[in-house]
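Beneath this line is the structure, given in C-alpha coordinates, with notes to follow.
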Amino acid sequence: MSENNYRTTIHYARDEFFIGTSPSGHAITVDTKGDRHSAPTPMELLLIAVGSCTAVDVVSILEKKRQIVTDYKIEVTAERRDEHPRSYKKINVHHIVYGRNVSEQAVEQAIKLSDEKYCSVAATVRPTAEITTSFEIIEN
74 MSENNYRTTI
84 HYARDEFFIG
94 TSPSGHAITV
104 DTKGDRHSAP
114 TPMELLLIAV
124 GSCTAVDVVS
134 ILEKKRQIVT
144 DYKIEVTAER
154 RDEHPRSYKK
164 INVHHIVYGR
174 NVSEQAVEQA
184 IKLSDEKYCS
194 VAATVRPTAE
204 ITTSFEIIEN
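All residue numbers for the sequence shown refer to my numbering, where the first residue is 74 and numbers rise by one.
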(Lines of atoms letter the chains of each structure in order from A and count residues from 1; the text may use other names and numbers.)
(Lines give C-alpha, C1' and ligand atoms only; values in the text may rest on other atoms or scores of the structure.)
Protein backbone atom coordinates (compact mmCIF):
# COMPACT_ATOMS: atom_id res chain seq x y z
CA MET A 1 0.00 0.00 0.00
CA SER A 2 1.38 3.43 -0.87
CA GLU A 3 1.83 6.17 1.72
CA ASN A 4 -1.36 7.88 0.46
CA ASN A 5 -3.55 4.83 1.02
CA TYR A 6 -4.87 3.86 4.43
CA ARG A 7 -6.65 0.85 5.84
CA THR A 8 -8.58 0.52 9.05
CA THR A 9 -10.57 -2.43 10.32
CA ILE A 10 -13.75 -2.43 12.34
CA HIS A 11 -14.62 -5.63 14.17
CA TYR A 12 -18.11 -6.34 15.49
CA ALA A 13 -17.71 -7.31 19.15
CA ARG A 14 -21.45 -7.97 19.83
CA ASP A 15 -24.29 -5.98 21.36
CA GLU A 16 -23.66 -2.88 19.24
CA PHE A 17 -19.99 -2.68 20.29
CA PHE A 18 -17.29 -2.42 17.67
CA ILE A 19 -13.51 -2.28 17.88
CA GLY A 20 -11.85 -0.09 15.31
CA THR A 21 -8.17 -0.48 14.59
CA SER A 22 -6.48 2.50 12.98
CA PRO A 23 -4.00 2.24 10.11
CA SER A 24 -1.23 2.74 12.71
CA GLY A 25 -2.51 -0.22 14.76
CA HIS A 26 -4.26 1.57 17.64
CA ALA A 27 -7.58 0.16 18.81
CA ILE A 28 -10.60 2.12 20.00
CA THR A 29 -13.99 0.90 21.14
CA VAL A 30 -17.08 2.29 19.48
CA ASP A 31 -20.56 2.02 20.99
CA THR A 32 -23.62 2.47 18.82
CA LYS A 33 -26.19 1.68 21.50
CA GLY A 34 -27.43 5.19 22.26
CA ASP A 35 -28.53 4.76 25.87
CA ARG A 36 -25.47 2.84 27.10
CA HIS A 37 -22.81 5.58 26.64
CA SER A 38 -19.88 3.25 27.32
CA ALA A 39 -17.69 4.38 24.41
CA PRO A 40 -17.81 7.15 21.81
CA THR A 41 -20.14 6.83 18.84
CA PRO A 42 -18.81 7.27 15.30
CA MET A 43 -20.30 10.78 15.17
CA GLU A 44 -18.65 11.71 18.48
CA LEU A 45 -15.33 10.47 17.13
CA LEU A 46 -15.76 12.77 14.13
CA LEU A 47 -16.02 15.80 16.44
CA ILE A 48 -12.94 14.65 18.34
CA ALA A 49 -11.14 14.27 15.00
CA VAL A 50 -12.05 17.81 13.92
CA GLY A 51 -10.95 19.27 17.25
CA SER A 52 -7.73 17.32 17.59
CA CYS A 53 -6.70 17.94 13.99
CA THR A 54 -6.92 21.70 14.36
CA ALA A 55 -5.42 21.59 17.89
CA VAL A 56 -2.24 19.98 16.59
CA ASP A 57 -1.92 22.71 13.95
CA VAL A 58 -2.68 25.64 16.23
CA VAL A 59 -0.30 24.55 19.01
CA SER A 60 2.49 23.94 16.49
CA ILE A 61 1.98 27.32 14.80
CA LEU A 62 1.85 29.18 18.12
CA GLU A 63 5.07 27.49 19.22
CA LYS A 64 6.74 28.56 15.97
CA LYS A 65 5.50 32.10 16.63
CA ARG A 66 7.20 31.87 20.07
CA GLN A 67 3.96 32.40 21.96
CA ILE A 68 4.05 31.41 25.64
CA VAL A 69 1.11 28.99 25.81
CA THR A 70 0.73 27.36 29.22
CA ASP A 71 -2.45 25.41 28.45
CA TYR A 72 -4.80 24.98 25.55
CA LYS A 73 -8.10 23.28 24.91
CA ILE A 74 -10.80 23.17 22.30
CA GLU A 75 -14.55 22.87 22.77
CA VAL A 76 -16.37 21.56 19.72
CA THR A 77 -20.13 22.01 19.52
CA ALA A 78 -22.26 20.76 16.69
CA GLU A 79 -25.78 20.61 15.34
CA ARG A 80 -27.10 17.58 13.44
CA ARG A 81 -29.79 17.33 10.81
CA ASP A 82 -33.13 15.88 11.91
CA GLU A 83 -33.50 13.76 8.77
CA HIS A 84 -31.40 10.75 7.80
CA PRO A 85 -28.54 10.60 7.28
CA ARG A 86 -28.24 12.71 10.45
CA SER A 87 -25.00 14.36 9.44
CA TYR A 88 -23.64 17.46 11.12
CA LYS A 89 -24.83 20.67 9.54
CA LYS A 90 -22.98 23.12 11.82
CA ILE A 91 -19.79 22.70 13.82
CA ASN A 92 -18.16 25.37 15.97
CA VAL A 93 -14.58 24.96 17.09
CA HIS A 94 -13.84 27.20 20.08
CA HIS A 95 -10.15 27.55 20.97
CA ILE A 96 -9.21 28.45 24.55
CA VAL A 97 -5.60 29.55 24.83
CA TYR A 98 -3.98 30.08 28.23
CA GLY A 99 -0.67 31.85 28.43
CA ARG A 100 1.41 34.93 29.06
CA ASN A 101 1.19 37.88 26.67
CA VAL A 102 -0.26 35.70 23.92
CA SER A 103 -0.88 37.76 20.80
CA GLU A 104 -4.48 37.84 19.63
CA GLN A 105 -3.22 38.25 16.06
CA ALA A 106 -0.98 35.17 16.39
CA VAL A 107 -3.90 33.05 17.64
CA GLU A 108 -6.18 34.34 14.90
CA GLN A 109 -3.58 33.58 12.21
CA ALA A 110 -2.87 30.11 13.62
CA ILE A 111 -6.57 29.22 13.61
CA LYS A 112 -7.03 30.59 10.10
CA LEU A 113 -4.05 28.63 8.75
CA SER A 114 -5.32 25.44 10.34
CA ASP A 115 -8.89 26.00 9.20
CA GLU A 116 -8.08 27.01 5.61
CA LYS A 117 -4.87 25.15 4.84
CA TYR A 118 -3.71 22.39 7.18
CA CYS A 119 -6.58 20.58 8.93
CA SER A 120 -7.47 17.71 6.63
CA VAL A 121 -10.36 16.57 8.84
CA ALA A 122 -12.08 19.95 8.58
CA ALA A 123 -11.45 19.95 4.83
CA THR A 124 -13.11 16.54 4.60
CA VAL A 125 -16.15 17.58 6.66
CA ARG A 126 -16.57 21.11 5.26
CA PRO A 127 -18.50 20.15 2.08
CA THR A 128 -21.43 18.98 4.22
CA ALA A 129 -21.12 21.03 7.42
CA GLU A 130 -20.59 24.72 8.07
CA ILE A 131 -17.53 25.05 10.30
CA THR A 132 -17.06 28.19 12.34
CA THR A 133 -14.26 29.06 14.72
CA SER A 134 -13.91 31.29 17.75
CA PHE A 135 -11.29 31.78 20.42
CA GLU A 136 -10.46 33.34 23.75
CA ILE A 137 -7.15 34.03 25.41
CA ILE A 138 -6.87 33.65 29.16
CA GLU A 139 -3.86 35.35 30.74
CA ASN A 140 -2.18 33.24 33.42
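Every residue, glycine too, gets a C-beta built ideally from N, C-alpha and C. It should be emphasised that the depicted structure is a prediction, and the values quoted were computed from it without experimental measurement.
If you check the beta carbons only, do residue i and residue j fall under 8 Å apart?
| i | j | result |
| --- | --- | --- |
| H167 | E189 | no |
| G93 | A86 | no |
| A183 | L135 | yes |
| V164 | V131 | First, the amino acid is wrong: residue 164 is Ile here, not Val. Result no, Cβ atoms of I164 and V131 do not sit closer than 8 Å. |
| I141 | R173 | yes |
Below 8 Å on the Cβ atoms is my contact criterion, and I expect residue i with residue j to pass it. Report the Cβ-Cβ distance as a whole number of Å.
| i | j | result |
| --- | --- | --- |
| C126 | A195 | 7 Å |
Bridge partners for residue i per DSSP, in chain order?
| i | result |
| --- | --- |
| N165 | T150, T205 |
| A100 | T94 |
| D144 | Y171 |
| E212 | G172 |
| T82 | T94 |
| R87 | F90 |
Can you tell which of the options has the C-alpha that lies nearest to the C-alpha of residue i?
| i | options | result |
| --- | --- | --- |
| Y79 | R173, S97, P158, T105 | S97 |
| R139 | Q178, H84, E89 | Q178 |
| F90 | D104, I83, S160, T206 | D104 |
| I169 | P200, K185, P158, S207 | S207 |
| T81 | S75, S95, T205 | S95 |
What did DSSP end up calling residue i once you bin it into helix, strand or coil?
| i | result |
| --- | --- |
| A188 | The residue asked about is misnamed: residue 188 is Asp in this sequence, not Ala. Here D188 sits in helix by DSSP. |
| T127 | helix |
| S193 | helix |
| K106 | coil |
| I156 | According to the sequence as given, residue 156 is Glu; it is not Ile. Three-state result, E156: coil. |
| Y76 | Note on residue identity: the sequence assigns Glu, not Tyr, to residue 76. Correct three-state label for E76: coil. |
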